[in-house]
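Here the sequence shown is numbered in full-length UniProt numbering, starting from 1 and rising by one per residue.
Built from N, CA and C at the ideal position, the CB exists for glycine as well.
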Amino acid sequence: MWEVSYRITPEQGYFDRGETVLWDAGIYLESIRSMEFVEDGSVVMVYEIDGDADTLRECLDAAPEKIIEYSITEDSDPLVAQLWMYPDEGLEQLLDVHRSFGVSVEFPIDYVSQDPSTIEMVETGPRNELRDRIEQTREVADVHINHVHRHDPGSQQLFRELTDRQQEVLQAAVEEGYYQIPREATHQEIADKLGCSKSVVGQHLRRVESALVSAVVPDADEDL
1 MWEVSYRITP EQGYFDRGET VLWDAGIYLE SIRSMEFVED GSVVMVYEID GDADTLRECL
61 DAAPEKIIEY SITEDSDPLV AQLWMYPDEG LEQLLDVHRS FGVSVEFPID YVSQDPSTIE
121 MVETGPRNEL RDRIEQTREV ADVHINHVHR HDPGSQQLFR ELTDRQQEVL QAAVEEGYYQ
181 IPREATHQEI ADKLGCSKSV VGQHLRRVES ALVSAVVPDA DEDL
């Protein structure tokens, strides 16, 4: 089994036209937590979103031909929104490529830039299957390969197992003294260094810490 990490930027600058409406309203997609395909061609996407909940509702309510149903969880930072929707042609093409069997997609899928939109994906599977996916993706989007290596779940090289964006945020946090005692940096200071929002920094650090703890600490029922 092999693992590949790569960034995808659609030729038109967005994955779905609805993103441009959200940008104009000051709403930005931060990550995709999950996706589920429906037989009628629609898809259920769970996003983490940076922006105002009421403004997001207004945007979604204004597109009844696209949005079938939605729910927004406000008591979280960032917002979490589940959208049952019809994807436009560009997004549908990409979804068709990445819904095929034989390859595992790691969630969340992070947005590393906006306008144009770029996401970072990590997939695991047979090398030829991964190669085919990347070739098909290149037909509709620009692709930048971050790394390709053998997938070894038991590896102690924990840092390498993080996504490139997680590595970048963790490295900045260490350099700024976030893990010093006493702490020498805040999420905002790290965000200023990276040029992103503090909620994005917090989100990535929580995921990094969760991944590292899960890899180091044995399960409660595991023999020590």
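Discussion item. Is the separation between the beta-carbon of TYR70 and that of LEU60 shorter than 8 Å?
Written reply: What you label residue 70 is simply residue 70 of the sequence shown in a count that begins at 1. What you label residue 60 is simply residue 60 of the sequence shown in a count that begins at 1. Yes, the pair counts as a contact, with Cβ atoms nearer than the cut-off.
Worksheet item: Do you know offhand how far HIS30's Cα is from TYR178's?
Response: By one-based count along the sequence shown, residue 30 stands at place 30. By one-based count along the sequence shown, residue 178 stands at place 178. At residue 30 the sequence reads Glu, which differs from the His that was named. Spanning the alpha carbons of GLU30 and TYR178 requires a straight line of approximately 22 Å.
Worksheet item: Which one of MET121, GLY51 and GLU36 has the shortest CA to CA distance from VAL44?
Response: Within the sequence shown, numbered from 1, the residue matching residue 44 stands at position 44. Among MET121, GLY51 and GLU36, the Cα nearest to that of VAL44 belongs to GLU36.
Worksheet item: So what does GLU123 bridge to, in DSSP terms?
Response: By 1-based counting over the sequence shown, the position of residue 123 is 123. In the DSSP output, where bridge partners are listed per residue, GLU123 has VAL4 and VAL105.
Item to complete: With a 10 Å radius around its C-beta and 16 neighbouring C-beta atoms as the bar for buried, classify SER155 as buried or exposed.
Response: Here residue 155 is taken as the residue at index 155 of the sequence shown, counted from 1. A caution first: SER155 carries a pLDDT of 48, below 50, which makes its placement in the model too unreliable to give a value.
Item to complete: Decide if PHE15 is buried, meaning its Cβ has at least 16 other Cβ atoms within 10 Å, or exposed.
Response: On the sequence shown, residue 15 is found 15 positions in, with the first residue counted as 1. Burial of PHE15 is indicated by the presence of at least 16 other C-beta atoms within 10 angstroms of its C-beta.
Worksheet item: Taking DSSP as the reference, what is the three-state secondary structure of GLU36?
Response: Counting from one through the sequence shown, the residue named residue 36 turns up at place 36. Looking at GLU36 - three-state DSSP - the assignment turns out to be strand.
Item to complete: For the region 162-182 and the region 136-143, state whether three or more C-beta atom pairs, one from each stretch, are separated by less than 8 Å.
Response: Touching, no.
Worksheet entry | GLU123 vs GLU135 beta-carbon contact at 8 Å | Residue 123 sits at position 123 when you count from the first residue of the sequence shown. Residue 135 sits at position 135 when you count from the first residue of the sequence shown. With a cutoff of 8 Å on beta-carbon distance, GLU123 and GLU135 are scored as not near each other.
Worksheet item: Are there 16 or more other CB atoms within 10 angstroms of the CB of GLN188, so buried, or fewer, so exposed?
Response: Stepping through the sequence shown from its first residue, residue 188 is reached at position 188. So GLN188 counts as exposed.
Worksheet item: Does the beta-carbon of LEU224 have 16 or more other beta-carbons within 10 angstroms, so that it is buried, or is it exposed?
Response: As a first step, residue 224 is located in the sequence shown; it is residue number 224 there, counting from the start. Residue placement at LEU224 is flagged as unreliable, the pLDDT there being 33, under the threshold of 50; a coordinate-derived value is accordingly withheld.
Worksheet entry | Supposed contact pair VAL201 and LEU212 - C-beta distance, whole angstroms, cut 8 Å | What you label residue 212 is simply residue 212 of the sequence shown in a count that begins at 1. What you label residue 201 is simply residue 201 of the sequence shown in a count that begins at 1. At roughly 16 Å, the Cβ-Cβ gap does not stay under 8 Å, so LEU212 and VAL201 are not in contact.
Worksheet item: Roughly how many angstroms separate the alpha carbons of GLY26 and LEU56, rounded to a whole number?
Response: In the sequence shown, counting from the first residue as 1, residue 26 sits at position 26. In the sequence shown, counting from the first residue as 1, residue 56 sits at position 56. In a straight line, the C-alpha of GLY26 is about 9 Å away from that of LEU56.
Discussion item. On a Cα-Cα basis, can you pick out the residue from PRO108, ARG7 and ASP88 that is closest to THR20?
Written reply: Numbered from its first residue, the sequence shown carries residue 20 at position 20. Just measuring C-alpha positions, the residue of PRO108, ARG7 and ASP88 sitting nearest THR20 is ASP88.
Worksheet item: Just how far apart, CA to CA, sit ARG150 and GLU58?
Response: As a working mapping, residue 150 is identified with position 150 in the sequence shown. As a working mapping, residue 58 is identified with position 58 in the sequence shown. For ARG150 and GLU58, the distance between alpha carbons rounds to 45 Å.
Worksheet item: Is it buried or exposed for GLU48, if we count other Cβ within 10 angstroms and need 16 for buried?
Response: Counting from one through the sequence shown, the residue named residue 48 turns up at place 48. Looking at its Cβ environment, which holds 16 or more other Cβ atoms inside 10 Å, GLU48 is buried.
Practice prompt. Using alpha carbons as the reference points, say which of GLN203, GLN114 and MET1 lies closest to TRP23.
Written response: Taking the sequence shown and counting its residues from 1, one reaches residue 23 at position 23. For TRP23, the nearest C-alpha among the options comes from GLN114.
Item to complete: Could you tell me how far apart the beta carbons of THR118 and ARG7 are, in whole angstroms, since I believe they sit closer than 8 Å?
Response: Stepping through the sequence shown from its first residue, residue 118 is reached at position 118. Stepping through the sequence shown from its first residue, residue 7 is reached at position 7. Correct: roughly 5 Å between the Cβ atoms.
Discussion item. Which residue wins for smallest C-alpha separation from LYS66, given the options ASP75, ALA53, MET121 and LEU83?
Written reply: Position 66 of the sequence shown, counting from 1, holds the residue named residue 66. Ranked by Cα distance from LYS66, the first of ASP75, ALA53, MET121 and LEU83 is LEU83.
Discussion item. Can you give me the C-alpha to C-alpha distance between MET1 and ARG160, rounded to a whole angstrom?
Written reply: Locating residue 1 in the sequence shown gives position 1, counting from the first residue. Locating residue 160 in the sequence shown gives position 160, counting from the first residue. If I take the Cα positions, the gap works out to 16 Å.
Worksheet item: What's the call for VAL38, buried or exposed, on a 16-neighbour Cβ count within 10 Å?
Response: In the sequence shown, residue 38 corresponds to position 38, counting from 1. With fewer than 16 Cβ atoms within 10 Å of its Cβ, VAL38 is classed as exposed.
Practice prompt. May I have the straight-line CA-CA distance separating VAL112 from ARG33, to the nearest angstrom?
Written response: On the sequence shown, residue 112 is found 112 positions in, with the first residue counted as 1. On the sequence shown, residue 33 is found 33 positions in, with the first residue counted as 1. Cα atoms of VAL112 and ARG33: separation of roughly 14 Å, rounded to the nearest angstrom.
Discussion item. Among LEU158, GLN203, ILE190 and THR163, whose alpha-carbon lies nearest the alpha-carbon of ASN146?
Written reply: Numbered from 1 along the sequence shown, position 146 holds the residue referred to as residue 146. Minimum Cα distance to ASN146 is reached at THR163.
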